[in-house]
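The opening position of the sequence shown corresponds to residue 490 in our numbering, with each subsequent residue numbered one higher. Even glycine gets a Cβ: it sits at the ideal position worked out from N, Cα and C. Worksheet: the structure to be examined is printed underneath.
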Amino acid sequence: YEDEEEASVDYARAVFKYRGQGVLDKAREQAALKKSSIQRSLVIDLSDVPPQPPIPKSAGRIKDGASKYTGLSFDNRTNKW
C-alpha cells in the first residue's frame, strides 16, 4: 500500500473477516494484536467485508518511524506499507 491509513483499514477488515467481531473489538480495546514473526504477502478478498476503522496502537508502543496502527510495517525495499 502507498498509504498507511488505507493499509490499516484493510488490516482491520481482514481481522474482522478471519477472526470475527469479538476479536476485533478486543484488539481495539487493547490497541494491539500479536503479529507473526513470519511476514508473508497474501492476496485476500475483502469485497464481502464492511469497512472497519483502523486499529490504533497504544501511544507508548509507537516507535519513531513506525506505523501508528496495529498490524502494519513499512517495507523499505518497496517503499510501501
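Does the beta-carbon of residue i have 16 or more other beta-carbons within 10 angstroms, so that it is buried, or is it exposed?
i: D499; result: buried
i: V555; result: Per the sequence presented here, residue 555 reads as Ala, with Val not at that position. Exposed is the call here.
i: S562; result: exposed
Please go through the same chain and pick out, in chain order, the residues whose beta-carbon is closer than 7 Å to the beta-carbon of residue i, but skip the five residues on each side of it.
i: E494; result: P543
i: K569; result: Y490, E491
i: A503; result: I533, L535
I want to check one thing, is the minimum distance from the CB of residue i to the heavy atoms of the ligand MG below 8 Å?
i: R502; result: This structure lacks the ligand MG, and indeed carries no ligand of any kind.
Can you tell me the Cα-Cα spacing of residue i and residue j, whole angstroms?
i: G560; j: G549; result: 16 Å
i: Y558; j: S497; result: 6 Å
i: R508; j: T567; result: 28 Å
i: G511; j: D564; result: 30 Å
Please name the residue or residues paired with residue i in a DSSP beta bridge.
i: D564; result: K569
i: Y500; result: Paired residues: none, contrary to the question.
Within a Cβ cutoff of 8 Å, which residues of the same chain sit near residue i, ignoring the five residues on either side of it in sequence?
i: I551; result: K557
i: D537; result: K506
i: P540; result: V498, R502
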